[in-house]
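Asker:
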Amino acid sequence: MASSKVYETFPVHPGSMEIRFLELRPPFSDVLSCKLSVVTLKSGPPPFIALSYEWGADDANHVMSLDGHDVSIRHNLWLALKNITKHHARLVQDYAICIDQDNIPERNHQVDLMRDIYSSAALVLVWLGPAADDSAFAIRNIRYEKPGTGLVRKEFLAVHRLLCRTYWERMWIVQEFILGRSVLVHCGDG
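Quick note on my numbering: the sequence shown kicks off at 1 and runs consecutively.
(1) What is the rounded straight-line gap between the Cα of Pro46 and the Cα of His160?
(2) Enumerate in chain order the residues of its own chain whose CB-to-CB distance from His75 is below 7 angstroms, with the five nearest sequence positions on each side excluded.
(3) The alpha helix (DSSP H) with His69 in it runs from where to where?
(4) Would a C-beta distance cut-off of 8 angstroms place Tyr127 and Leu51 closer than the cut-off?
(5) Look at the alpha carbon of Ser4 and the alpha carbon of Glu155, and state the distance between them as a whole number of angstroms.
(6) Quick one: residues in its chain with C-beta nearer than 6 angstroms to the C-beta of Met17, no 5 flanking neighbours on either side, listed in chain order?
(7) Round the Cβ separation of Thr85 and Pro26 to the nearest angstrom and send it over; I've been treating them as touching at under 8 angstroms.
(8) Report the option in Arg165, Glu23, Asn83 and Arg153 whose CA atom is closest to the CA atom of Cys98.
(9) From Pro14 to Val185, what does the alpha carbon distance come to, in whole angstroms?
(10) Does the Cβ of Arg20 have 16 or more other Cβ atoms within 10 Å, making it buried, or fewer, making it exposed?
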């Protein structure tokens with residue numbers, strides 16, 4: 001995660017409706033480059049993506065540039081952010097980087113704002129992880145399923161494997177899904 005110096009430069013004040021955003025820069029290489037900014041939810045933030053994903057079990061093994069500081073991030077977040085830079089707007093709220101995870105009072109206050117964050121987002125982007133086990137096939141079949149036609153065995157198994165991903169075991173997804181005005185599910189590069 002980011003060093004405390006980055007967060008000191010972009011403080012969020014306790015008791016406020018302030019949150020941090022990642023401003024993603026276009027990818028020019030495999031190194032992600034971002035800036036932090038602070039906005040208040042009270043004044044109607046600019047359109048942003050709220051990222052919904054699971055951290056994953058791996059250690060922080062990728063490096064991104066955050067306001068000139070090298071920051072270690074987990075593989076699943078790295079994949080999600082790379083996907084966003086290819087397909088979506090550049091303003092993202094991500095709880096792993098946008099919140100100082102070492103600052104317990106800040107972390108608790110920001111968790112209290114999650115309802116406001118996800119309901120204010122222009123888009124909640126659900127990142128299920130890299131493509132695997134016919135996930136693209138499953139998403140295509142869910143998206144274009146015609147009522148009354150049902151799924152054949154191959155389609156059913158692909159959808160079942162997609163819905164058995166560990167993302168769906170997270171308690172937080174309920175509020176992230178329900179509160180999002182617009183929700184888009186991504187898996188792999190599609």
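Think of the CB as a built atom: it goes at the ideal place given N, C-alpha and C, for glycine as much as any other residue.
The structure displayed is predicted, hence computed values, not measured ones.
Answerer: With the structure as the only source:
(1) 37 angstroms
(2) The answer, listed in chain order, is Gly56, Asp58, Asn61 and His62.
(3) Looking at the DSSP string, His69 is not in any alpha helix (DSSP H); the run it does join, the beta strand (DSSP E), is His69 to Arg74.
(4) The amino acid at residue 127 is misidentified as Tyr; the sequence shows Trp. Remark: C-beta atoms of Trp127 and Leu51 approach each other more closely than 8 angstroms.
(5) 47 angstroms
(6) Thr40, Leu41 and Lys42
(7) 6 angstroms
(8) The shortest CA-to-CA distance from Cys98 to any of Arg165, Glu23, Asn83 and Arg153 is the one to Glu23.
(9) 32 angstroms
(10) It counts as buried.
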